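A.B. asks: Sharing a structure here in structure tokens format.
Numbering (the numbering used here), first residue to last: 9 to 297.
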């Protein structure tokens with residue numbers, strides 16, 4: 009009866025029916041094909057692999073220098089097997105892979121997350137070390153801002169303080185010394201700028217910071233000579249003599265000391281330490297670079 013009614017459809021209705029009979033199956037097939045295309049087979053494979061397999065694949069890629077693939081594997085472990093032992097290991101190794109690729113912000117973020125979740129594990133010191141290295145690699149020339157140098161000092165000092173027996177401590181101390189030298193260099197650059205413009209008070213402030221806070225850097229020698237020059241220009245001869253005396257005591261063969269000595273001698277003065285001066289007190293902390 010159905011077929012009979014179909015056959016009795018008028019011409020316009022019959023045309024609509026035939027059109028729908030073609031469109032509907034094609035839409036169905038298109039939907040099936042679209043759903044198949046949307047399947048990411050690599051993701052599907054990852055989701056079916058155990059955490060330890062993914063982790064070991066990440067290590068293999070890391071050792072082979074395939075850093076992006078290693079990162080992808082470690083991320084897969086963390087994403088698909090959260091809070092597992094393998095996810096914990098993958099988090100810190102993923103941070104290392106990011107660091108090796110120069111993705112420092114990502115490395116810092118992953119390592120900080122690790123320390124938040126697992127602050128007492130054996131790999132916590134390593135995570136802290138990765139953060140410090142990531143800041144260290146971004147330290148800029150002294151003509152630019154030294155934010156990363158300050159972050160390096162803080163992060164590496166935290167490592168030395170919290171994990172004093174860690175295998176990373178010796179290198180952390182080296183990185184601290186370098187970063188402090190950069191910070192001192194920045195202070196010297198600004199101090200020279202003020203000195204050239206005869207803004208002596210501003211210059212003294214910068215040179216004093218170097219002597220008091222960065223006494224174990226190579227810049228303290230010049231800082232004392234610049235203090236001699238600045239105080240002498242201001243007419244504060246006692247402070248100028250003290251700066252020169254402390255310079256001579258710690259660096260007797262220094263060209264900076266010879267220049268300071270000559271400057272004082274030009275006005276009939278000589279280096280003479282005033283024990284009550286801040287320079288004398290700071291001088292006792294000088295260890296040299």
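All C-beta atoms in this analysis are idealised placements derived from N, C-alpha and C, irrespective of residue type, glycine included. Just so it is clear, the structure is predicted and the values come from calculations on it, not from any experiment.
What span of residues does the alpha helix (DSSP H) with residue 207 cover, start to end?
C.D. replies: Element bounds for residue 207: n/a, residue is neither H nor E.
A.B. asks: Quick one: give me the first and last residue of the alpha helix (DSSP H) that residue 118 is part of.
C.D. replies: 112-125 is the extent of the alpha helix (DSSP H) around residue 118.
A.B. asks: Would you identify the three-state DSSP class for residue 293, choosing helix, strand or coil?
C.D. replies: Residue 293: coil per DSSP, three-state reduction.
A.B. asks: Mind checking which residues open and close the alpha helix (DSSP H) that includes residue 87?
C.D. replies: Counting along the chain, the alpha helix (DSSP H) containing residue 87 begins and ends at 75-88.
A.B. asks: Could you tell me the distance, in whole angstroms, from the CA atom of residue 188 to the CA atom of residue 78?
C.D. replies: Approximately 34 Å, taken between the alpha carbons.
A.B. asks: Do you know how far the Cα of residue 243 is from the Cα of residue 163?
C.D. replies: Looking at the two C-alpha atoms, the distance is approximately 42 Å.
A.B. asks: Within the same chain, show all residues whose beta-carbon is closer than 8 Å to that of residue 83, passing over the 5 residues directly before and after it, in chain order.
C.D. replies: For residue 83, where only same-chain residues beyond five positions count, the Cβ hits under 8 Å are 98 and 102.
A.B. asks: Between residue 85 and residue 121, what straight-line distance do the alpha-carbon atoms span, to the nearest angstrom?
C.D. replies: Cα-Cα distance, rounded: 15 Å.
A.B. asks: What would DSSP say about residue 223, mapped onto helix, strand or coil?
C.D. replies: Coil.
A.B. asks: At the level of alpha carbons, what is the spacing between residue 2 and residue 87?
C.D. replies: Residue 2 cannot be examined here, being either before or after the span of the chain that is shown, 9 to 297.
A.B. asks: List the endpoints of the continuous alpha helix (DSSP H) containing residue 266.
C.D. replies: Residue 266 -> alpha helix (DSSP H) spans 263-273.
A.B. asks: Can you give the Cα-Cα distance for residue 104 and residue 231, rounded to whole angstroms?
C.D. replies: Rounded to whole angstroms, residue 104 to residue 231 spans 39 Å at the Cα level.
A.B. asks: Taking just the CA atoms, how far does residue 248 sit from residue 194?
C.D. replies: Rounded to the nearest angstrom, the two C-alpha atoms are 23 Å apart.
A.B. asks: How big is the Cα-Cα spacing for residue 259 and residue 265?
C.D. replies: Straight-line Cα distance between these residues: approximately 7 Å.
A.B. asks: Does the beta-carbon distance from residue 298 to residue 202 come in below 8 Å?
C.D. replies: The chain is shown from 9 up to 297; residue 298 falls before or after that span and cannot be answered.
A.B. asks: Could you say which of 112, 110 and 66 lies nearest to residue 94 if we only look at CA atoms?
C.D. replies: Considering only alpha carbons, the answer is 66.
A.B. asks: With DSSP collapsed to three states, give me the class of residue 138.
C.D. replies: In this structure, residue 138 counts as helix in the three-state DSSP scheme.
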